[in-house]
Amino acid sequence: MNQTLDRRRLLATAALGGVVGATALGSLAPEAAFAAEATAVEPGMPDPNFAEGRISKISGNMLLVTGSDTVLHSIRITGGTSIWKLQPTTFDQVAVGDGLYARGVRLPDGTLAADAVWVNIVNLHAHIASVGRNVLHLDHKGQHIVGHVVPRLSAAVYNGTPAVSDLSLLRVGRHVQVLGAWHPDTNEIDIATVYAAA
């Protein structure tokens, strides 16, 4: 039976701490850049230069985002904003309903001028339940996740070695860490990088 994974639970797996930990396994290129620059924020206080949530409206170069805590964020996309959605991309690929994390500078009017936006990014620790043609079926804390292998894009990092396009060493039952992009309102992701032991 296909189970749709709750958006908040899936996005929560992409928390900053999980990606910071992933850097020990090897370079994560653009998908980990958002964890690299941490600003000094008093413990327990929200980071004013960070926003997360789901896009509810796009107007010109502004995104209206509803946070998982129901706080509304206005995020301004500039010519210098880097956007990641499985790979570096452009603003026209961002859609209403997408989840995101954004980092930038808070402007006097309260909007966040984004330096970087990560759309639908997920960072999952899971076990491989089965391997199919261009698909990995994953068990993530009891939830079934379908991971789609994207030709010429998905890569694997085995034992901390450089990323390769060969995913044939992935085995059923093995623990993996998967970075990818969530398909909103589903239990499916596109795979960017799989970290595994060979």
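FYI, the numbering for the sequence shown is -35 to -1, 1 to 163, going by mature numbering (1 follows the signal peptide of the UniProt record, and there is no 0).
Every residue gets a Cβ at the ideal spot worked out from N, C-alpha and C, and that includes glycine.
Cβ shell of I20 (< 6 angstroms), same chain only, five flanking positions each side left out: Annotation for I20: L28, V30, V61, D63 place their beta carbon closer than 6 angstroms to its own, counting only its chain and skipping 5 residues before and after.
Endpoints, beta strand (DSSP E) assigned at H113: First-last of the beta strand (DSSP E) with H113: 108 to 114.
Once you ignore the five residues that flank V70 on each side, which residues in its own chain have a CB closer than 8 angstroms to its CB? Closer than 8 angstroms at the Cβ level, and outside the excluded window around V70, lie N14, L77, A78, D80.
To test your reading of the DSSP string, which unbroken beta strand (DSSP E) runs of 3 or more residues are found completely within the segment 118 to 160? Contiguous beta strand (DSSP E) elements confined to the segment 118 to 160 occur at 120 to 123, 140 to 147, taking only those with 3 or more residues.
Below 8 angstroms between beta carbons: does that hold for D155 and V122? For D155 and V122, no; Cβs fall outside 8 angstroms.
Among the residues of its own chain, which have a CB less than 6 angstroms from the CB of L72, if the five just before and after it don't count? Result list for L72: A78, in chain order.
Based on Cα-Cα distance, which residue from K50, Q58, R139 lies nearest to N26? Cα-wise, what sits closest to N26 is Q58.
Three or more beta-carbon pairs under 8 angstroms between the segment 94 to 102 and the segment 128 to 140, yes or no? Contact holds: three or more Cβ-Cβ distances are below 8 angstroms.
Please list the terminal residues of the continuous beta strand (DSSP E) segment that includes N85. From DSSP, N85 is part of no beta strand (DSSP E); its letter is neither H nor E.
Leaving out five residues on either side along the sequence, give the residues of the same chain with a beta carbon under 6 angstroms from the beta carbon of E153. Correct list, in chain order: V111.
By how many angstroms is the C-alpha of E7 removed from the C-alpha of W147? So the two alpha carbons sit approximately 31 angstroms from each other.
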